[in-house]
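In the numbering used here, the protein residues as written are 152 to 903.
From the three backbone atoms N, C-alpha and C, an ideal C-beta is built for every residue, glycine too.
Below is one structure; the comments refer to it alone.
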């Protein structure tokens with residue numbers, strides 16, 4: 152992408168206002184906390200202390216809006232306290248400019264490195280440095296600085312107290328995450344009706360998994376409907392894919408395909424009902440027509456083998472998710488990460504609440520042969536999330552691991568600290584006054600990646616101009632006093648809290664108006680702040696954009712490494728699935744689960760890297776966009792093929808498939824070597840996998856597993872073809888020779 156197009160796209164992104172669901176009650180609560188702190192500070196200490204303490208309450212409320220599964224009161228307290236410490240240390244050194252400049256560099260570098268611990272911590276740390284540049288100018292003595300810092304802590308405490316006393320959807324984010332996961336699977340079921348090999352983005356399931364981990368205190372208060380449903384949802388996805396895929400036995404046309412479409416539509420309806428119930432905390436209202444589809448008597452004569460087993464499992468899982476979503480968890484609910492088949496009871500309530508015995512598991516090769524129920528696994532404990540204090544050593548460890556040459560986080564920290572120091576020196580040297588606006592803008596807009604930095608710079612400049620213009624017009628027309636300015640500042644903050652999720656443009660406009668009103672409450676005239684604020688904001692944004700162009704951390708050259716990491720994680724997952732068939736007596740399901748989670752993380756990292764690289768104004772270095780897209784399709788298909796096999800993992804006592812062990816070992820070794828080859832800009836080869844598959848042909852084993860192994864080799868061949876960018880030689884008739892490595896698209900072989 153050219154620089155012109157990149158700048159155009161980022162500028163458009165920065166000034167875009169998105170349509171998001173607003174949360175007025177949370178905005179009112181944050182504004183109420185800010186009003187309490189301002190009123191208390193005005194009454195006790197005067198306008199200057201009120202302006203300083205208001206920044207603490209303002210920042211503490213912003214921290215509670217960040218997408219985090221941590222307890223929100225602790226975030227508010229941590230934000231207010233860290234801002235207080237920054238302000239006090241800044242005031243102690245502000246009289247000695249070299250010392251303050253050194254503190255600013257160290258503090259900004261640490262804030263830049265904090266992005267390694269996550270976006271929430273990074274945003275809070277960066278905001279604290281930016282606000283510190285303003286608040287250090289308000290006190291006039293050490294005692295006043297200590298008082299201002301104390302009031303900032305009070306501001307954080309007030310916001311935390313309001314969160315505890317007036318909770319708004321206490322478990323709302325957790326409910327939304329779980330409901331979004333179920334709704335995504337409902338959408339997946341509908342798409343499978345028309346496209347049996349449709350893709351599925353596991354991001355909602357990953358979000359639900361993050362939300363499912365709670366602290367011990369949260370575990371004692373978590374609503375019953377948030378227990379266990381995510382684990383059941385995880386097992387529904389491969390069953391849906393297995394039921395729809397023609398490779399598992401259902402032809403593309405005919406009565407069986409029609410029945411599968413009916414089952415998928417009913418499953419989507421029931422999943423949507425469960426999602427609605429969890430999101431709103433209501434009982435599940437399952438439509439009778441959807442329930443009747445799974446009770447159709449002739450289903451057993453239409454579907455046989457793997458499709459029938461998939462239908463039976465889907466019916467049982469839908470019963471479980473409806474029962475859990477209704478707020479009455481099973482007597483022995485499996486752990487959210489328990490392996491498939493780890494069930495503790497032999498009966499469950501039907502979807503409409505009636506108690507019905509669960510069908511006994513059937514042998515994969517012979518439907519109808521009853522076998523004993525699997526041995527119940529011990530019920531594991533709930534996934535625990537560390538407490539807020541326990542996060543500190545983990546955050547420091549993450550920062551230390553990124554403190555190396557070439558790390559994007561380290562480059563970001565270096566950039567932002569250099570720009571902050573440069574902006575402060577230029578702002579102080581220029582005869583404009585309030586020179587801190589330039590470094591403040593730079594710190595607020597700079598992010599570890601290109602697109603966010605440039606889009607935020609554009610949004611801040613445009614928002615500042617609009618916000619300052621509106622606030623200035625109000626001040627000129629109404630000439631508000633101290634109380635009126637404080638009221639207008641609170642109103643601006645409330646509007647910002649309300650519109651925070653709609654984009655940076657609206658947020659920055661509200662912040663600009665808030666600062667004008669707040670400093671006006673402290674006694675500054677609008678003519679003292681408006682002109683220099685606009686000019687220095689422009690300077691700070693320009694410095695931020697220039698710094699990224701001069702000292703970038705492009706994602707495009709690292710795409711090969713991200714792709715190799717995904718392959719290195721995907722290979723062990725596929726191998727673990729085959730290993731479960733090779734030795735059903737072993738406890739392989741937890742290994743499959745852990746390998747799947749690792750592969751999902753690598754996939755999410757790849758997609759995030761591609762999204763960042765797409766917006767970068769640089770040419771590809773070794774991996775073109777076409778090659779990246781084709782390689783992504785191949786790896787996604789590899790995971791999907793393994794998922795189809797995972798939907799029918801054998802129970803303990805099933806007949807082993809010894810060749811699957813040799814195939815799994817070859818696959819594990821070959822994907823490891825293939826990842827190394829991708830990093831070294833070579834095309835991976837799969838001779839060991841092909842040899843294991845050829846040896847498999849001479850043995851009488853499960854045909855479904857053997858056919859799936861063929862699909863795995865096809866997808867690996869497709870990956871190599873995607874990465875082989877060498878121009879093939881031309882034949883005598885002027886056409887390129889056909890590659891001999893099997894079908895071009897693995898999906899073609901899946902439908903043969």
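- For the set 855, 863, 684, the Cα lying nearest the Cα of residue 837 is the one of 863.
- A residue is called buried when at least 16 other Cβ atoms come within 10 angstroms of its Cβ; residue 627 does not meet this threshold and is exposed.
- CA-to-CA, the gap between residue 282 and residue 591 works out to about 7 angstroms.
- One alpha carbon belongs to residue 807, the other to residue 708, and they sit about 44 angstroms apart.
- DSSP places residue 289 in the coil class of the three-state scheme, outside both helix and strand.
- Shown here for residue 602: same chain residues with a beta carbon closer than 6 angstroms to its own, the five before and five after excluded, namely 161, 766 in chain order.
- Under the three-state reduction of DSSP, residue 376 is assigned to helix.
- Under the DSSP assignment, residue 871 falls in the alpha helix (DSSP H) whose first and last residues are 854-874.
- Following the DSSP letters along the chain, one finds residue 803 in no alpha helix (DSSP H), marked with neither H nor E.
- Separation of residue 770 and residue 704 (C-alpha to C-alpha, rounded to the nearest whole angstrom) is 14 angstroms.
- Collapsing the DSSP output to three states places residue 241 in a helix.
- In this structure, residue 417 and residue 798 do not form a Cβ contact; the two beta carbons are roughly 18 angstroms apart against a cut-off of 8 angstroms.
- Under the DSSP assignment, residue 321 falls outside any alpha helix (DSSP H); it carries neither an H nor an E label.
- Going by DSSP, residue 647 is part of the alpha helix (DSSP H) stretching over 633-650.
- In the same chain as residue 648, and ignoring 5 residues on each side of it, the C-beta atoms closer than 6 angstroms to its own belong to 178, 181, in chain order.
- For residue 834, there is no enclosing alpha helix (DSSP H), since its DSSP letter is neither H nor E.
- For the options 348, 744, 249, the alpha carbon positioned closest to that of residue 573 is the one of 249.
- Residue 435 sits in coil when the DSSP states are folded into three classes, being neither helix nor strand.
- In terms of Cα proximity to residue 860, the closest of 875, 802, 792 is 792.
- Closest option to residue 335, judged by alpha-carbon separation, among 867, 411, 358, 317: 358.
- Taking 7 angstroms as the cut-off, the beta carbon of residue 610 is found no closer than this to the beta carbon of residue 664.
- Where residue 550 is concerned, the enclosing alpha helix (DSSP H) starts and stops at 542-553.
- Bounds of the alpha helix (DSSP H) holding residue 724 are 710-733.
- Boundaries of the alpha helix (DSSP H) around residue 474: 457-476.
- Separation of residue 725 and residue 853 (C-alpha to C-alpha, rounded to the nearest whole angstrom) is 17 angstroms.
- Using a Cβ distance threshold of 7 angstroms, residue 215 and residue 571 do not count as a contacting pair.
- DSSP places residue 185 in the uninterrupted alpha helix (DSSP H) bounded by 175-195.
- In the structure shown, the three-state DSSP call for residue 781 is helix.
- In this structure, 301 is the residue among 301, 247, 186 with its C-alpha nearest to the C-alpha of residue 230.
- Inter-residue distance for residue 462 and residue 456 is about 10 angstroms (C-alpha atoms, whole angstroms).
- Comparing C-alpha distances from residue 377 to each of 424, 411, 327 shows the shortest one belongs to 327.
- The residue from 588, 158, 213, 163 with its alpha-carbon nearest to that of residue 185 is 213.
- Residues of the same chain with their beta carbon placed closer than 6 angstroms to that of residue 367 are lacking, with the five preceding and five following residues left out of the count.
- The three-state secondary structure of residue 736, taken from DSSP, is coil.
- Around the Cβ of residue 351, a 10 Å sphere holds 16 or more other Cβ atoms; the residue is buried.
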